[in-house]
Amino acid sequence: MPLKSAPFGTFDATRLVENAPLSAFTTWRVGGAARWLLHARADELPFVFDACHRRGIPVYKLGAGSNLLVSDSGLPGLVVCFRRTLQKIWFHEDQITAEAGALMPRLARTAARNGCAGFEFLAGIPGTVGGGVALNCGTEASEQRELKLVLKAVDVVDDRGREQRIDDIRHLGMSYRTTRIAEYGLTVLRAMFRPDIRGDPGLISLRMGHHLDERRRKQPIRAKTAGSTFKRVPGGLPAAWYIEQCNLKGLAIGGARISPKHANWIENCGSATSADIEALIETVQGKVEARFGIVLEPEIHWLGNRPPLFRF
Numbered sequence: 001m002p003l004k005s006a007p008f009g010t011f012d013a014t015r016l017v018e019n020a021p022l023s024a025f026t027t028w029r030v031g032g033a034a035r036w037l038l039h040a041r042a043d044e045l046p047f048v049f050d051a052c053h054r055r056g057i058p059v060y061k062l063g064a065g066s067n068l069l070v071s072d073s074g075l076p077g078l079v080v081c082f083r084r085t086l087q088k089i090w091f092h093e094d095q096i097t098a099e100a101g102a103l104m105p106r107l108a109r110t111a112a113r114n115g116c117a118g119f120e121f122l123a124g125i126p127g128t129v130g131g132g133v134a135l136n137c138g139t140e141a142s143e144q145r146e147l148k149l150v151l152k153a154v155d156v157v158d159d160r161g162r163e164q165r166i167d168d169i170r171h172l173g174m175s176y177r178t179t180r181i182a183e184y185g186l187t188v189l190r191a192m193f194r195p196d197i198r199g200d201p202g203l204i205s206l207r208m209g210h211h212l213d214e215r216r217r218k219q220p221i222r223a224k225t226a227g228s229t230f231k232r233v234p235g236g237l238p239a240a241w242y243i244e245q246c247n248l249k250g251l252a253i254g255g256a257r258i259s260p261k262h263a264n265w266i267e268n269c270g271s272a273t274s275a276d277i278e279a280l281i282e283t284v285q286g287k288v289e290a291r292f293g294i295v296l297e298p299e300i301h302w303l304g305n306r307p308p309l310f311r312f
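Residue numbers (the UniProt record's numbering): 1 to 312.
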């Protein structure tokens, strides 16, 4: 198989892409090109991260590409993509282990097949395990759930390539849609989960179907979106309520619009750019602040050159 070299190593040519268009790897389908994109294996990451650290090459991590906005100007360094190469999930007695690139709906189905309850809410979250752990993903449906409730331990690697296991997840500082994983410069390799609640696989699958039905009814899951755009206001209401009160549903800038179905989702209607989405986010923040005196905090994460007024 042909090989391709970069400053951080030599890899199969099929796994290392130069000037990779990131719009193909994000659910919003926007964003410029990455200097390099590597579909990395877990055993390669320590060396890759260490080599990039020593050479001053920026490293970005990419799972399913949801909950993410990439600059139109692209990224200057290396994007490490987990979804193709770190997909394994296995169940053993009192633990479910999933690699960082495994999709969360698949984790939910694995748990259901093995009679493990408490994972049903993950069925409608279109992200990977690594990203879900790093953001403490969850749902604000009729039953609010967060990933930390079923998380047991994580294997991580730091930006110098040093691996460790964190058995006490309190050290991760997990709270609403945030953890200290990025602050500590860590990358999730795999996560271990506690199947504490056992039940009938058929009933668990039925509840999982109800979660999916609720999301389909309320959210534009077939549109090109990144999921929820803004976090719930601390001590307040869901962000969608404030946006609706400002009569912003359906508002469009360029090819981006606030979903007519759910005010906290922004859709790419086919020709949107990152700049369109940025402008829409800033408009929403400004309108809500003018009326309610609060600044909606984005739930999505930004990669690239951030506009000077973009309040992340």
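We put the CB at the ideal spot given by N, CA and C, even for glycine.
#1: Check whether the Cβ atoms of Ala263 and Ala240 lie closer than 8 angstroms to each other.
#2: Could you tell me how far apart the beta carbons of Ala112 and Pro201 are, in whole angstroms, since I believe they sit closer than 8 angstroms?
#3: How many angstroms separate the CA atom of Gly32 from the CA atom of Thr128?
#4: Kindly indicate which three-state DSSP category Ile181 falls into: helix, strand or coil?
#5: Apart from the five residues just before and just after Ser142, which ones in its own chain have a Cβ nearer than 8 angstroms to its Cβ?
#6: So, with DSSP's three-state summary, where would you put Tyr242?
#7: Quick one: Cα of Ala108 to Cα of Phe119, how far?
#8: Going by C-alpha distance, which of Leu248, Leu22 and Arg177 is nearest Ser71?
#9: Using DSSP bridges, identify the partner residues of Cys116.
#10: Please tell me whether Ser73 and Gly304 are closer than 8 angstroms, where the distance is taken between their beta carbons.
#11: Opposite Met192 in the DSSP bridges: which residues?
According to the structure shown:
#1: yes
#2: 6 angstroms
#3: Using only the alpha carbons, I get a separation of about 22 angstroms.
#4: coil
#5: Legend: pLDDT at Ser142 = 45, less than 50; position of this residue unreliable, no value from coordinates given.
#6: helix
#7: Those two C-alpha atoms are separated by around 5 angstroms.
#8: Leu22
#9: Arg198
#10: yes
#11: Thr97 and Ala153
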